[in-house]
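Step one of this worksheet: look at the structure below.
Residue numbers (the numbering used here): 17 to 590.
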């Protein structure tokens with residue numbers, strides 16, 4: 017909904033100019049524009065408000081124009097209710113025609129219909145609204161997305177494959193509740209891929225349930241994820257209990273399978289561990305056995321998809337902000353949970369939330385540590401290469417250093433071999449790693465998730481509600497801990513900014529002597545580079561960098577000393 021402007025807005029208090037804003041509601045979603053900066057009877061906003069609407073579009077769009085009288089009071093000046101079916105459906109980025117709508121004076125209801133007919137004047141609002149069919153409605157994290165198609169079926173491409181999943185059985189499940197004085201588990205499995213949700217039957221009172229059920233999905237993109245979750249049914253035989261509505265189906269575990277990690281036409285029959293994080297720590301609650309096969313209909317079409325954007329083109333032509341994506345995802349999840357809750361048998365809200373990872377954005381010290389060590393694992397290759405090159409420069413292994421010198425001289429003499437050498441090296445590494453390729457789909461990894469060595473208080477913080485429900489002393493301690501972590505991040509961010517500002521200050525004359533030296537150096541370097549062949553310059557620079565330790569000093573180099581003496585804007589910070 018693009019709220020453009022309004023005309024002939026009359027405030028309840030005629031002695032003041034109104035401070036007008038527009039509030040729009042679709043279902044349970046309420047958004048509002050900013051207050052018009054000009055206090056006038058003809059305000060303008062030109063703001064976009066985006067909602068999630070679900071077929072068959074039975075809800076109404078309710079728009080009210082309100083006047084901000086003071087911080088705690090808003091007067092409603094006009095209202096209109098429109099069915100969603102009156103709006104056009106848009107499949108691309110072509111602009112929709114705008115329309116004017118007359119506002120009803122607030123307070124005139126069905127009992128005052130005769131008075132409304134007597135009114136000869138009404139305010140009106142200018143809108144450009146449509147039902148967008150070119151976007152994909154995200155109800156899950158983009159990291160585990162299972163569908164990227166736009167909502168309009170006219171824009172769907174033909175499927176590239178078929179996914180077949182056999183949910184066979186589970187072994188070694190833990191008792192999830194007490195029944196008749198003993199532990200019991202009533203397990204069922206839920207699978208989600210794209211818009212299709214499936215649920216197996218519930219196997220009553222068994223720690224080794226056998227389902228032997230098969231499901232099939234059409235695949236439109238191989239770079240998607242199938243999600244399966246196992247739950248304990250806590251609602252069997254609880255219909256007459258007073259707290260039946262308060263019971264929640266317990267989580268037993270979850271498995272994610274990325275289709276791009278599967279070989280086409282091959283049947284994968286594996287047992288996957290079921291891991292659940294509890295406030296007391298990570299628990300292995302059993303194993304689930306699955307049979308999965310991904311069949312491609314056209315290999316050429318499947319490979320062609322790898323060059324396509326991840327989401328429909330409207331996400332790139334008119335992208336949403338990060339906050340809009342998060343809000344729309346939450347609203348879509350709420351709508352999906354409400355509809356699945358009305359199915360038979362129902363999928364309850366806690367099940368849908370667990371399958372869609374609704375709490376993936378919540379702060380977690382454990383998850384932050386896991387992500388930090390993932391980054392360190394990525395950088396370990398660069399760090400190892402730098403350490404190896406440093407050993408070459410210091411001649412720790414003379415044979416390796418001599419070979420590197422020879423390779424360097426060959427590349428200087430034949431620079432056209434540099435790029436072919438790099439790509440050939442990548443090709444050989446890929447061939448070498450082929451024999452080490454994973455033979456089965458990956459599974460949940462407690463070590464990678466940093467769940468094995470997590471502190472109990474950090475787990476309690478992760479399972480805390482939002483806003484917090486813990487005591488003040490506990491919250492104060494966690495706040496202080498968060499401040500110390502944020503202080504270290506702040507220091508690193510400040511150091512990065514300082515290095516960038518030092519680089520920027522080379523030519524800004526903030527330090528006149530340093531800038532003068534650098535300008536003279538640039539002039540001399542330009543003359544030398546112009547006179548000397550590029551090969552000679554690179555050769556001299558490379559041999560100097562690879563020189564023997566006998567010709568090295570333990571003190572920092574002149575360029576390093578010069579750079580560290582440059583100024584930064586830290587002097588001006590409070």
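All C-beta atoms, glycine included, are put in the ideal place defined by N, C-alpha and C.
A direct Cα-to-Cα measurement between residue 120 and residue 365 gives close to 38 angstroms. Less than 8 angstroms separates the beta-carbon of residue 244 from that of residue 270. Around the beta-carbon of residue 379, fewer than 16 other beta-carbon atoms lie within 10 Å, marking it exposed. With a cutoff of 8 angstroms on beta-carbon distance, residue 343 and residue 144 are scored as not near each other. Judged by DSSP in its simplified three-state form, residue 73 adopts coil rather than helix or strand. Residue environment for residue 151: buried (at least 16 other C-beta atoms within 10 angstroms of its C-beta).
Minimum Cα-Cα distance from residue 292 among the listed residues 359, 189 and 200 corresponds to 189.
Below 8 angstroms, enough C-beta pairs join the segment 304-317 and the segment 162-180 to call them touching: three or more. Residue 45 has its alpha-carbon roughly 12 angstroms from the corresponding atom of residue 70. Two segments are said to touch when three or more pairs of C-beta atoms, one from each, lie closer than 8 angstroms; by this definition the segment 92-109 touches the segment 322-336. Annotation for residue 317: the continuous alpha helix (DSSP H) segment containing it runs 315-321. Where residue 18 is concerned, the enclosing beta strand (DSSP E) starts and stops at 18-23. For residue 564, same chain residues with a beta-carbon under 7 angstroms away, outside a window of 5 residues either side, are 411 in chain order. Setting aside the 5 residues that flank it on each side, residue 280 is surrounded in the same chain by 310, 311 and 312, each with a C-beta closer than 7 angstroms to its C-beta; the list follows chain order. The continuous stretches of alpha helix (DSSP H) do not include residue 212, which lies in the beta strand (DSSP E) extending over residues 212-215. Residue 52 has its alpha-carbon roughly 26 angstroms from the corresponding atom of residue 147. For residue 413, there is no enclosing beta strand (DSSP E), since its DSSP letter is neither H nor E. In summary, residue 81 is buried, with 16 or more beta-carbon neighbours lying within 10 Å of its beta-carbon over all protein chains present.
Put simply, the backbone Cα of residue 369 is about 27 angstroms away from that of residue 48. Boundaries of the alpha helix (DSSP H) around residue 580: 574-580. Scanning 348, 509 and 390 for the CA closest to the CA of residue 586 turns up 509. Bridge pairing for residue 101: absent [DSSP]. Judged by DSSP in its simplified three-state form, residue 153 adopts coil rather than helix or strand. Considering only 502, 498 and 383, the residue with the shortest C-alpha distance to residue 461 is 383. For residue 551, same chain residues with a beta-carbon under 6 angstroms away, outside a window of 5 residues either side, are 428 in chain order. Check the Cα spacing between residue 579 and each of 523, 68 and 139: the tightest is with 523. Within the DSSP bridge table, the entry for residue 230 names 182 as partners. In the assembly as shown, residue 560 is an exposed residue. Its beta-carbon has fewer than 16 other beta-carbons within 10 Å.
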